[in-house]
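Report on one structure; see the data block that follows.
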Amino acid sequence: MSKRIDVSDLDVYYGDFLAVEGVTMAIEARQATALIGPSGCGKSTFLRTLNRMHEVIPGARVTGKALMDGQDLYGSDVDPVTVRRQIGMVFQRPNPFPTMSIADNVLAGVRLNNRRMSKGEQQDLVEQSLRGANLWNEVKDRLERPGSSLSGGQQQRLCIARAIAVKPQVLLMDEPCSALDPISTLAIEDLIAELKSDYTIVIVTHNMQQAARVSDRTAFFNIAGTGKPGKLIEMDDTATMFSSPREQATEDYISGRFG
Amino acid sequence: MALTTTPRRSGTSPDGEQVDAGAAVRAASTGRVGSRVFAGLSTGAGVLILLTLAAVAVFLVIRAWPALTASSEELGDISWFNGDSVAEYVGPLIFGTLLASVLALLIAVPVSVGIALFISHYAPRRLAQSLGYLIDLLAAIPSVVYGLWGALWLLGVVDPFFEWLSGALGFIPLFADYQAPAKNILSASIVLAVMILPIITAVSREVFLQTPRLHEEASLALGATRWEMVRQAVLPFGRSGVISASMLGLGRALGETMAVLMVISPGFLYSFHLLQPGQHQTIAANIASKFPEASGLSVSALIATGLALFVITFAVNFVARWIIARRAEFSGAN
Amino acid sequence: MAVDTAPAPATSLVDPAQGRLPRWATWAFLAGGVVAAFLLLLVLGNPTVAGVVGLGAVLYAVGATVASFVVEGRRRAVDRLATTLVTGAFLLALIPLVSLVLLVVTRGMTSFSWTFLTTDMVGIFGDMTEGGIAHAIVGTLLITFAAAVISVPIGLLTAIYLVEYGRGPLARAITFLVDVMTGIPSIVAGLFGFAVFTLALGPAFRAGIMGAVALSLLMTPVVIRSVEEMLRLVPNELREASYALGVPKWLTIVKVVLRTAAAGIVTGVMLAVARIIGETAPLLLTVGLVTQMNTSLFEGRMATLPVFAFRQYEQGGTGIDRAWAAALTLILIVMLLNLLARLISRWFAPKGAR
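Residue numbers (the working numbering), protein chains in the order written: chain G, -19 to 239; chain H, 678 to 1011; chain X, -9 to 344.
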């Protein structure tokens, strides 16, 4: 239940503005890939192009190739909706649906798409997804409470449960811990370590320790100055990146000299 | 589509699939068709708004056309028609409409600005919102009730004041020759003023509340009294807002029917005798009083006057909204 | 050119040269003004409540300002005058509100009764005090309901277009014209309803639906505005969360955006209904008035509360009492709708952390 993504020569534009330029990258299946870099370097923008979420912003477009197990994500007959069902996403701030209970939030992907499912199947899916997100034991007695009654960290894990309930191939995480306290962050990091045995994970993070802790491979993005496009500087195994990077910029960033 | 928005208790029966016909799409579908239909529907509704507005103008013109092109003899056959053409007939009515509305504005704007300031800068913080709601209540009262209030209560209350005004300032033509009961244009304007108070107050209040705190505090820190702060910081900031609010109020006053119809004793003169009955009439009240008994060409003539009112109010609202839109662009406030 | 920027020598915070009026001065001047006004009017003729209050307020403003000018100086006097005027403006606006409510309630109660609410006007003439407004209540409810049935879908969809789809010149034009449309005079709306139906169905055609169409012209822009406001309050994050689950845009709008904004939308619609339910002029031109119940929207004239109140007022005599009672009923309905709208928005607001 996981696939690899190969990106080649990908440019991202907002209108006429070139935001990210010439990214070529291989994202391996069943691994966690971390995208790091200073603010505004385009790592989140790049992440959103992987499940075509950037198209939600008017004027955003992409040139280049992005293949998931050889299938072009941007093929002319590919519906972005199908892409997003295969490639799930977790956002910076937890965003459970405020009108839905915890169980309904997990089922949201099913419910919102009007997919029919028996009561038993639904219960199984809720339990399985919440267990998958390490949340089951905390909420099993209050599945009918509103999702917004949980703490921030629990809400974020609920959002992860919601994303994996759709059974995606790939899970994109856009700074999933930046709005959370250290203990909740730890819980999410443990979860990522477990999830990567089943899913391909791409995580954007500002926190280099986090990248070092959770990822197998790390990609460093940088930007030459405001108004210039962000670029992929280098990508390697996380251990290599943090011990002996090839580029000077990477070393400067990792050792905390800027960013 | 409204059906699907009915509040549903979240987390009821887990098999509670919604049974909305429009949304029952096969599970595998990615909703491309649905999205296209839905986008088309909502765009269509938006376009319908444009068409409706155009239709209002078109239908009024079609129905007014016979009167606009009729000869003066034909028009003369209408019992209440005076003048040789629709333009001549509608002239005094436009005059009356503008006079009543401008008077209402002269009364309402200072009071509204006062109320708005009171709520935004003078009243205790905790009370401000409830006091604002109290003023908004005035907007919820149906116009026919204002008519009753004006005709059966206000006329008696203003009578001694008008009497005194006419006696003391009667040498000015404006206030000459008061006759009781006070079924004159000034009474009608007072009712109109009360009716447009809430909208002018509401818009002004919003603008006053947006005054940058820094400006206010800068003024107070220099030792200004509260009034000096208001004059230096709040009023200059809110000026264009008050202007557009007044235009909106003017738009309302121009088209208001019942209050004028029930209060004023009509006349068709270009007259500035504010306290004399039988001098003025507004377009809207004139239509309402004559329309139920009209037929044939007289209907067309009345619709032609309605067309004139439509054009006037459209222009006033257009300008008001334009000022607001321009202001929003400048201040960047949203 | 050395400017002396050194601080002035320390002074006491209480300036002995500048006096202050004591706190009770305001009340003293107020009482003085009213008493003086009463005496003055007593000398001139007969004092009325309105006269005493009006003149008293003027005398208070003048007296307090002059006293403040003498004791506290010009700046304080102006400040005091401004406070008086601003507060006065607010109190002035309460006069119509309070008098109107008192009047409608006291005068309305003379005829208001269960029988009044449940009978119609068939066979009532001259000075008879019987008769009621059952037919007008039904007519008002039917026509308003029909207007809502027309306005709500169009308004809802237009608001969705403006918030979720609209960009470029078309959306800007619609936004602008919706604003302009809110300013269409009600009588013009009535003429429009009349013109559309009589052109199509002959000059003698009269039916409740004509009034409903006229009212919907007034209601639609109000619905659009309030729904638009509510949709814009729905956080973008929820839309993105839904898209990321592979939910198509239209289902996202229907099931996430509209569902989240449902309470606000219902409230907005109720307030829009409250706005048009009291409209008189359009109905006067289109549906007129009858004395008996008519439950068909598509055939014949219908009675409505506002037109009924107006016609009874015109008739005079015992009609005046009926007009007040009808006005009371109308205001009760409007207030009920307002109250209901507030309660709905409280009950059905998205459940947050409790």
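Every residue gets a Cβ at the ideal spot worked out from N, C-alpha and C, and that includes glycine.
- Query: With a cut-off of 7 Å, does the C-beta of X:G228 fall near any C-beta of chain H?
  - Reply: In the sequence as displayed, the identity of residue 228 of chain X is Leu instead of Gly. Cβ-Cβ to chain H under 7 Å: no for X:L228.
- Let me know the secondary structure DSSP gives H:A700 once reduced to three states. For H:A700, the predicted model reports a pLDDT of 32, less than 50, meaning its position is unreliable and no value from the coordinates is stated.
- Measure from the C-beta of H:A705 to each C-beta in chain X and report whether the shortest distance is under 7 Å. The predicted position of H:A705 is uncertain, since its pLDDT is 45 and thus under 50; a value taken from the coordinates is nonetheless stated next. Not an interface residue.
- Where X:I164 sits in the DSSP three-state scheme: helix
- Query: What's the call for H:A701, buried or exposed, on a 16-neighbour Cβ count within 10 Å?
  - Reply: Per-residue confidence for H:A701 stands at a pLDDT of 31, beneath the threshold of 50, marking its modelled position as unreliable; no derived number is given.
- Got a sec, what are the start and stop residues for the beta strand (DSSP E) G:K23 sits in? Note, G:K23: premise wrong, no beta strand (DSSP E); alpha helix (DSSP H) at 23 to 30.
- Query: So, is the C-beta of X:F80 closer than 7 Å to a C-beta in chain H?
  - Reply: yes
- Using a Cβ cut-off of 7 Å, pull out every chain X residue sitting near G:V146, in sequence order please. L235, G236
- Message: Does the CB of G:G247 have a neighbour CB from chain X at under 7 Å?
- Response: In the structure as shown, chain G starts at -19 and stops at 239, and residue 247 of chain G therefore has no counterpart that could be examined.
- Are the CB atoms of H:A722 and X:L320 nearer to each other than 7 Å? no
- Look up H:L952 in the DSSP assignment and say whether it is helix, strand or coil. In the three-state scheme derived from DSSP, where H, G and I count as helix and E and B as strand, H:L952 is classed as coil.
- Just reading off the alpha helix (DSSP H) that G:K99 is part of, what are its end residues? G:K99 -> alpha helix (DSSP H) spans 99 to 112.
- Item | Proximal residues to X:L261 (C-beta, below 6 Å), its chain only, five neighbours per side dropped | A331
- Message: Would you say X:D117 lies against chain H (beta-carbon separation less than 7 Å)?
- Response: no
- Task: Using 10 angstroms around the beta-carbon of X:W240, count the other beta-carbons present and answer buried if the total reaches 16, otherwise exposed.
- Result: Buried is the call here.
- Task: Using a Cβ-Cβ cut-off of 7 Å, state whether X:G254 counts as contacting chain H.
- Result: no
- Would the segment 867 to 880 of chain H and the segment 816 to 835 of chain H be scored as touching if the rule is three or more Cβ pairs under 8 Å? These segments touch.
- Please go through the same chain and pick out, in chain order, the residues whose beta-carbon is closer than 7 Å to the beta-carbon of H:A705, but skip the five residues on each side of it. In this prediction, H:A705 scores a pLDDT of 45, lower than 50, which makes its location untrustworthy; no coordinate-derived value is stated.
- Beta-carbon of X:A163 versus every beta-carbon of chain G: anything under 7 Å? X:A163 is outside the set of residues whose beta carbon lies under 7 Å from a beta carbon in chain G.
- Along chain B, which residues have their Cβ under 9 Å away from the Cβ of X:P296? In the structure shown, chain B cannot be found, because the protein chains are G, H and X.
- Query: Using the beta-carbon of each residue, which ones in chain G are nearer than 7 Å to X:R157?
  - Reply: P38
- Query: If you draw a straight line from the C-alpha of H:A741 to the C-alpha of X:M292, how long is it?
  - Reply: 26 Å
- Check each candidate in X:T108, X:A138, X:I114 and name the one with the smallest Cα separation from X:V128. X:T108
- Consider the Cβ of H:W742: report whether some Cβ of chain X lies at a distance smaller than 7 Å. no
- Query: Can you name the residues of chain G whose CB is closer than 9 Å to the CB of X:R249?
  - Reply: F77, T79, M80
- Query: Are the beta-carbon atoms belonging to X:L295 and X:A316 less than 7 Å from one another?
  - Reply: Yes, these two residues count as a Cβ contact at 7 Å.
- Task: Please name the residue, chosen from H:A901, H:V714, H:G932, that lies closest to H:F987 on a Cα-to-Cα basis.
- Result: H:G932
- Query: Between the C-alpha atoms of G:V86 and G:L115, what's the straight-line distance to the nearest angstrom?
  - Reply: Distance between the alpha carbons of G:V86 and G:L115 is about 11 Å.
- Counting Cβ pairs, one atom from each stretch, are 3 or more of them under 8 Å apart for the segment 92 to 105 of chain X and the segment 270 to 290 of chain X? At 8 Å Cβ cutoff, the stretches do not touch.
- Item | G:G210 in three-state terms, based on DSSP | Looking at G:G210 - three-state DSSP - the assignment turns out to be strand.
- Item | Sub-7 Å separation of H:I726 and X:I164 beta-carbons | yes
- Message: Please give me, in chain order, every unbroken run of the beta strand (DSSP E) with length at least 3 that falls completely inside the segment 842 to 906 of chain H.
- Response: none
- Whole-number beta carbon distance between H:T990 and H:A965, since they are thought to touch under 8 Å: Your pair H:A965 and H:T990 does not check out as a contact, with CB atoms roughly 16 Å apart and the cut at 8 Å.
- Taking 7 Å as the CB-CB cut-off, is H:A698 touching chain X? Annotation note: pLDDT 32 at H:A698 (below 50); position unreliable, coordinate value reported separately. Chain X contact via Cβ: absent.
- Query: In the structure shown, what three-state DSSP assignment does X:I85 receive?
  - Reply: helix
- Would you please state the rounded distance, in angstroms, between the beta carbons of G:T25 and G:V0? I believe it to be under 8 Å. 5 Å
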